[in-house]
Structures are given as C-alpha cells and as structure tokens.
Amino acid sequence: AQEGSVAANPQAEDEAYVCPVTAGSSQLNLDFDTGSADLWVFATDTPSSESQGHNLYDTSSGQQIDGATWDITYQDQSGSKGVVFSDTVVVGGVTATSQAVEAATSVSTQFVQNTGSDGLLGLAFSSINTVQPQQQTTFFDTVADSLAAKLFTADLKKGEAGSYDFGYIDDSKHTGDITYVDVDNSQGFWGFTAGGYSVGDDTSAGGDSIGSAIADTGTTLLYVPSSVASAYYQNVDGAENDSSQGGYVFPCSNTLPDFHVAIGSGVFTVPGSYINYAPTDSSGSTCFGGLQGGDGQSLSIFGDIFLKAHFVVFDQTQDSPRLGFAPQ
Ligand SMILES: CCNC(=O)c1c(-c2ccccc2)csc1NC(=O)CNCCc1c[nH]c2ccccc12
C-alpha cells in the first residue's frame, strides 16, 4: 500500500501553497486545491507568450487522450483550457501510473503572472472535473484504492512550509483529538456545516450558525456570510468595508480579535494575527482582512486563512466522506 508526504510551500503573503510534483519527466510546483478537481499544468503546448518563468510539463512523455479537452473558469474569473495526456504523476513518493495531466493551451493573466505556480492539482471530487467527453479522476481518486488508508491530510502553516500527507494520519502534526463531521459532496466540494461563531475573548462560538461551508485550500481567504463579517469588524477600530479595495480594510496598528467557530462537537479558533492578512499598499498603514463577507453567495469558503490554523483530514475511509479538524 502507498503512503507519502509532500511539502506545501507558501507563496508571498500565503496567497497560495505550492508542492513539488513529478509529471512524466518534468518537475513542477503545483497549487494543491481542494476547491477544484482538474490537474492542469503549464506545458510545452502552452504559448511561449504565456509560459515565461514557469516550469513546463513536457508532453512528449505522455500519451495524448484522443479528443479530450478541458476548460475551467474560477469564480474570480481566472481560468485555463487545453488538451489532455495520460502520464505517471508522483507526489511525495505516491505514484499514479495513468493520471490525466491537463496541458494548457491558454491560461489567464493571473496564472501567467504567478510564476511560482506551474498549475493546479485538484483535490475536490472528480464529479466536477472539466475534461470532456470523458471526465477524468483527480490524483487522489486515481491512487485512492492503492493507499494504506483512503484519506489525505493538510497541515498548512502561516509563513512557513507545511505538508500534505496521503494514505495516513501523522499524529505528531496535531494536538488534541480530531473532530470529524459529515461531508456533503453534492456540489463536488468538501462541504460541511459550520455552527455558531464568536469573537475575541468570548470562545463560546455561541452566535448565529454560519451554515454551509467548504474546506478549500485553493482559496486564500476565509469568506463567511456578510452579517458575520460585519459583526467581526465591529470589534476592529477604524475598520470599513471598502468596495474599492475589495472588502474590509483597517488600520494596520490594530490588534485583531480571534475568530472562533463551532464545527461538529469542537470549537476552532483563527488567531486574530492570521486575520491581519496584508498591507494594501507599500505605506503599510492600511491592512486587508483575511476574513471577508461572501459576495451574497450562500456558501462560506474556509480557505487558507482558516485551514492554516488547523490540521485537516480529508477522509474517504467510511461509506460516506467526512472532514476531520484538529488544533495543530
Ligand atoms: C476565490 C477562489 N475561490 C472560488 O472562486 C470558489 C468558489 C466561489 C463560488 C462563488 C463565489 C465565490 C467563490 C466556490 S469554490 C471556489 N474555490 C475555487 O475555485 C478553488 N480554486 C481556486 C483556484 C484559483 C483561482 N484563482 C487563483 C489565483 C491563485 C491561486 C489559485 C487560484
């Protein structure tokens, strides 16, 4: 049975975390994304005007899947599209022998400019993989039956390398018990129900329920209902929801309160320091919040700001999928 571990390296401001992956004969740094299900890469097929500065997947090592194409657009309107190869993909010693590697023939500006990432490795459910006419499986689904245990864990960290482990739980990476909750994967995401929340010294998480949420390593920030974000920033002097800046900003001199949320039988805390995401400009006087209101959509997105404060188990060992959360 296979098991393995790979480093998750934070990009600037922890905007994303990239991991070293071997695809065929190519070494790539990919953004592991539990919010999508395509393994797509910059490749020798990518126009050179779009691939400068990126490591490229050499398609000559793969077998092109005849007639297969893919096209993905993310909510922030970034995206990419292209053709598909079958090749060997190795992540932390875990080998997928016939993995669909989606080679980009077109990539949007945001990804072109982010030269620290050579593509994405989707870890959501294969039901939302975009390859047509025959949908393909994620790396995890491809190797799942060969793993010692059908699960992977995410141990992201603030400003330093964390890890993704496949096939086992490393108990040295978490303190306390793991709290498990059921997953609703009907939308293809690692969906769960978040309970009440509280702010600062009140650690009760007794407030209104946050509701439907997803665990999404591919999203940088923590998006909660606008009422929750508003209640949080009532506690921050000078905070305002500035649409020209894209959300809540505040004077960087603030010490931000912690954010507590009930999940299953546990209460999980995001330190206030994690919610002071980054300065909005070089003067460093105004800072952008790591906790933001969703733009009206009902789904809360527990992105890296939340995930990097915890040890998270993405578990398909039972009849139905579940998520586990533990303090790091
Ligand atoms: C803001 C990015 N997140 C989303 O749009 C998103 C949503 C979503 C749905 C409705 C409204 C807002 C967000 C659902 S699942 C989901 N998650 C993903 O889509 C995860 N993959 C993001 C890949 C991605 C898009 N732009 C990037 C820039 C840097 C690194 C990664 C990325």
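Numbering (my numbering), first residue to last: 10 to 337. Yeah, the Cβ is synthetic: ideal placement off N, Cα and C, and Gly gets one too.
Each residue's CA atom was taken as its position, placing D225 and V321 some 11 Å apart. Between S70 and G33 the beta-carbon gap is near 3 Å, inside 8 Å, which marks them as a contact. Proximity of the beta carbon of A224 to ligand 1 is not indicated: no heavy atom of the ligand is located closer than 7 Å. Cα atoms of A10 and A105: separation of roughly 13 Å, rounded to the nearest angstrom. Comparing alpha carbon positions, the residue from S35, Q325, V121 closest to S57 is V121. Segment contact: the segment 129-149 against the segment 204-215, fewer than three CB-CB distances shorter than 8 Å; contact not assigned. The DSSP-derived three-state label of A158 is coil.
A222 is the residue among T212, Q254, A222, D67 whose C-alpha sits nearest the C-alpha of D193. Using a Cβ-Cβ distance cut-off of 8 Å, the segment 272-281 and the segment 250-261 are not in contact, since fewer than three pairs of beta carbons, one from each stretch, lie closer than that value.
Of S236, G256, Q254, G299, the smallest CA-CA separation from P266 is found for G299.
Your pair A17 and L165 checks out as a contact, with CB atoms roughly 6 Å apart and the cut at 8 Å. DSSP places E59 in the helix class (H, G or I) of the three-state scheme. Beta-bridge pairing by DSSP links G88 to T82. Counting the other Cβ atoms within 10 Å of the Cβ of A238 gives 16 or more, which makes it buried.
For A238, the enclosing alpha helix (DSSP H) stretches over residues 235-242.
Nearest neighbour of H269 by Cα position, chosen from Q306, H319, S253, G256, turns out to be H319.
Under the three-state reduction of DSSP output, T228 falls in the coil class, being neither helix nor strand.
Note: C296 is bridge-paired with F259, P288 in the DSSP secondary-structure output. The C-beta distance from D67 to S35 rounds to 5 Å, short enough to fall under 8 Å. Contact annotation: Y189 and R331 have beta-carbon atoms nearer than 8 Å. Annotation for Q119: the continuous alpha helix (DSSP H) segment containing it runs 118-122.
Note that the segment 241-255 does not touch the segment 148-164; fewer than 3 beta-carbon pairs, one per stretch, sit closer than 8 Å.
For T264 and P280, the gap between their C-alpha atoms comes out near 10 Å.
The C-beta distance from I219 to V233 rounds to 6 Å, short enough to fall under 8 Å. In the structure shown, E24 falls within a coil segment according to DSSP collapsed to helix, strand and coil. In the three-state reduction of the DSSP assignment, I272 falls in the strand class, which pools E and B. Between S307 and the set Q327, F175, P29, G200, the nearest pair of CA atoms involves G200. In the DSSP assignment, T151 falls within the alpha helix (DSSP H) that extends over 148-152.
By the CB criterion at 8 Å, T114 and T53 fall outside the cutoff.
In this chain, the beta strand (DSSP E) harbouring F323 covers 319-324. Apart from sequence neighbours up to five positions away, the residues of its chain that approach V93 with a beta-carbon distance below 8 Å are Q73, I74, A77, T78, W79, A109, V110, E111, A112, V140, Q145, ordered along the chain.
Rounded to whole angstroms, the Cβ separation of G62 and T124 is 4 Å, and the two are in contact under 8 Å. Relative to ligand 1, the beta carbon of Q84 is positioned inside 7 Å of a heavy atom. Residue environment for G293: exposed (fewer than 16 other C-beta atoms within 10 angstroms of its C-beta). Residue pairing for I310: DSSP places it in a beta bridge opposite I223, Y232.
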